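Here this note's numbering is used: the first residue of the sequence shown is 439, the next is one more, and so on.
Report on one structure; see the data block that follows.
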Amino acid sequence: MYANTQNTQATAERGVPRTHIAPSVDGGSLGIYTDNSANRTTQGFQPIREKFKLLHFARKLLPKERTAHCFYNRITKEEGVSVFLNKLRNKANYGNVMRCANPWACPVCSAIISEGRKDEVKTAMDWWKAQGGDVLLLTLTAPHYSTTDIKSLKPAMLKARKYMLKGVRATKDLFKHYAIEHYISVFEVTHGKNGFHPHFHILLFTKYHVHNPRGSVMRMQFFEQWKKACEKAGLDQPSYEHGLDLRNGQKAASYVSKWGLEHEMTKGHIKKGKTDSKTPFDLLRDYAEGDENAGKLFRIYFDAFKGTRQLNWSKGLKKLSSKGQEEKTDQELVDETDNVAELMFKLSIELWNPIRKHGRQGELLIKVQEDHTLKKAMEYVKECLGYDGQLRE
Numbered sequence: 439m440y441a442n443t444q445n446t447q448a449t450a451e452r453g454v455p456r457t458h459i460a461p462s463v464d465g466g467s468l469g470i471y472t473d474n475s476a477n478r479t480t481q482g483f484q485p486i487r488e489k490f491k492l493l494h495f496a497r498k499l500l501p502k503e504r505t506a507h508c509f510y511n512r513i514t515k516e517e518g519v520s521v522f523l524n525k526l527r528n529k530a531n532y533g534n535v536m537r538c539a540n541p542w543a544c545p546v547c548s549a550i551i552s553e554g555r556k557d558e559v560k561t562a563m564d565w566w567k568a569q570g571g572d573v574l575l576l577t578l579t580a581p582h583y584s585t586t587d588i589k590s591l592k593p594a595m596l597k598a599r600k601y602m603l604k605g606v607r608a609t610k611d612l613f614k615h616y617a618i619e620h621y622i623s624v625f626e627v628t629h630g631k632n633g634f635h636p637h638f639h640i641l642l643f644t645k646y647h648v649h650n651p652r653g654s655v656m657r658m659q660f661f662e663q664w665k666k667a668c669e670k671a672g673l674d675q676p677s678y679e680h681g682l683d684l685r686n687g688q689k690a691a692s693y694v695s696k697w698g699l700e701h702e703m704t705k706g707h708i709k710k711g712k713t714d715s716k717t718p719f720d721l722l723r724d725y726a727e728g729d730e731n732a733g734k735l736f737r738i739y740f741d742a743f744k745g746t747r748q749l750n751w752s753k754g755l756k757k758l759s760s761k762g763q764e765e766k767t768d769q770e771l772v773d774e775t776d777n778v779a780e781l782m783f784k785l786s787i788e789l790w791n792p793i794r795k796h797g798r799q800g801e802l803l804i805k806v807q808e809d810h811t812l813k814k815a816m817e818y819v820k821e822c823l824g825y826d827g828q829l830r831e
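So, in structure tokens, the structure goes:
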């Protein structure tokens with residue numbers, strides 16, 4: 439059983455509408471996507487604007503974290519902030535600014551990291567399928583309530599996953615029986631009427647194609663092992679309907695293509711969920727729109743998940759699928775430079791201050807991308823100086 443949460447979480451929960459876990463795409467009870475009920479509207483450069491806006495508010499909620507310095511403070515104080523543009527891709531970016539590389543807290547870094555990790559996962563899946571194998575999507579969760587303390591629930595879930603994948607002989611026998619050679623585990627969390635909903639999506643790399651795994655004996659066998667793993671970890675017993683889902687290779691590929699923040703806010707789309715099941719960045723968005731309770735929930739979520747690995751690969755899979763290439767850290771992913779990008783201009787600290795102070799970093803990048811002559815960008819810098827009362831005619 440779980441310990442009751444602290445008063446701060448209980449208070450925050452009361453300020454959130456009663457919600458439900460997002461349903462699965464075919465009407466089942468266990469949702470496999472955090473954003474499977476979304477309306478999307480094309481907004482041009484809106485994703486850039488949205489991510490930097492959310493970062494501005496994440497900075498307010500997390501003033502003592504690295505995220506507070508992200509795309510805000512300079513790396514080298516003696517130099518200005520550089521603005522680069524890759525004209526072929528029409529993508530602008532900053533140089534000489536700190537990047538926090540925190541996938542749980544920062545909407546800007548999270549988007550970069552998730553895109554990089556998604557490429558790695560897709561490479562592994564393509565490599566495996568080229569050898570004639572298949573990939574199944576296993577989803578695991580456990581019962582939880584609005585009074586459940588996420589700080590207690592999260593480590594219990596991690597223990598259950600460990601017992602499920604590594605610590606139970608019966609599971610190893612199942613892996614052998616179904617010729618499952620490798621796996622990739624993704625840790626995600628949403629928030630709904632039953633509080634925080636941590637869950638695992640696990641890609642199972644099997645040698646053979648499994649027809650209709652959702653209605654198979656295989657699903658029942660894995661559920662029995664998951665139930666034992668939950669009990670061993672001190673979790674409540676999951677139900678067959680809600681605790682475990684097993685999907686075919688098509689669903690696995692669809693999940694990977696939609697994984698991460700980039701699916702919410704890139705390619706000219708913004709996620710607007712129909713249901714009240716919210717991702718952490720949905721909570722941050724609500725806070726940016728004035729919902730103080732959503733801000734408290736985001737802080738509770740971050741305190742529970744910071745430092746936790748989002749992805750875990752079975753031993754040897756990444757090395758095999760990447761042909762021995764070294765794994766990049768989250769920091770290396772966000773710090774990667776675009777060798778094709780040109781330096782367009784530099785901003786002194788006097789010019790950078792009003793832009794960062796008012797959370798206008800994304801807007802300036804948009805102006806650079808809209809007009810390569812930089813006329814719009816220079817006009818916008820002047821406009822920001824006016825906001826800050828520094829403009830002198």
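In this text, a Cβ means the ideal position worked out from N, Cα and C, and glycines have one as well.
All of these numbers come straight from a predicted model, not from anything done at the bench.
Enclosing alpha helix (DSSP H) for residue i [first to last residue]
| i | result |
| --- | --- |
| F643 | First-last for F643: G633 to T644, but that is the beta strand (DSSP E), not the alpha helix (DSSP H). |
| R599 | I588 to L603 |
| D720 | P718 to A726 |
| G653 | Counting along the chain, G653 falls outside any alpha helix (DSSP H), and DSSP gives it neither H nor E. |
| L612 | R607 to H615 |
| L673 | Careful: L673 lies outside any alpha helix (DSSP H) and carries neither H nor E. |
| F740 | E730 to F743 |
Inter-residue spacing [alpha-carbon to alpha-carbon] between residue i and residue j
| i | j | result |
| --- | --- | --- |
| E679 | R599 | 18 Å |
| F613 | R504 | 40 Å |
| L523 | N750 | 34 Å |
| Q799 | F509 | 8 Å |
| P636 | L735 | 14 Å |
| S715 | T811 | 43 Å |
| P461 | G630 | Only weak support exists for where P461 lies, its pLDDT of 27 falling under 50; the coordinates are left without a value. |
| G518 | R737 | 32 Å |
| L596 | D564 | 28 Å |
| V624 | H639 | 5 Å |
| K529 | D724 | 28 Å |
| C822 | H507 | 20 Å |
| T480 | V819 | Any reading at T480 needs caution, since the residue's pLDDT is 31, under 50, leaving its predicted position unreliable; the model's value is listed next. Taking the straight line joining both Cα atoms gives about 26 Å. |
| W542 | S760 | 25 Å |
| K814 | D776 | 23 Å |
| A476 | E516 | Because A476 sits at a pLDDT of 30, beneath the cut-off of 50, its placement in the model cannot be relied upon, and the following sentence gives the value as read from the coordinates. Spanning the two alpha carbons is a distance of roughly 45 Å. |
| K498 | H649 | 49 Å |
| G733 | G533 | 30 Å |
| T717 | Y739 | 10 Å |
| N531 | G824 | 23 Å |
| F743 | I588 | 9 Å |
| D611 | R657 | 14 Å |
| K757 | E765 | 8 Å |
| K666 | G797 | 49 Å |
| Q444 | V559 | Note that Q444 scores 43 on pLDDT, short of 50, meaning its location in the model is unreliable and no value can be drawn from it. |
| M816 | V806 | 9 Å |
| E627 | S695 | The residue asked about is misnamed: residue 627 is Val in this sequence, not Glu. For V627 and S695, the distance between alpha carbons rounds to 18 Å. |
| C668 | Q769 | 33 Å |
| E808 | K525 | 11 Å |
| I513 | L603 | 41 Å |
CB of residue i within 8 Å of CB of residue j, strictly
| i | j | result |
| --- | --- | --- |
| L578 | L493 | no |
| A690 | L641 | yes |
| M782 | V535 | no |
| I804 | F495 | no |
| V772 | R537 | yes |
| A671 | A594 | yes |
| G633 | S590 | no |
| A562 | I551 | no |
| P501 | A580 | no |
| I618 | L755 | no |
| F719 | P485 | no |
| V573 | F660 | no |
| L673 | L576 | no |
| G571 | K489 | no |
| E801 | R487 | yes |
| S752 | H647 | no |
| Q663 | A608 | yes |
Residue(s) in a DSSP beta bridge with residue i
| i | result |
| --- | --- |
| D683 | T577 |
| T628 | H635 |
| I486 | DSSP lists no partner for I486. |
| I618 | T644 |
| S623 | I640 and N750 |
Residue i Cβ short of 7 Å to the ligand MN heavy atom set
| i | result |
| --- | --- |
| R537 | Only the bare structure without any ligand can be found here, which leaves the ligand MN out of the picture. |
Check: At what residue ranges does the region 746–825 contain a whole run of the beta strand (DSSP E), taking only runs of 3 or more?
Finding: 749–751 and 780–785
Check: Fully enclosed by the region 511–581, which alpha helix (DSSP H) runs are 4 residues long or longer?
Finding: 545–568
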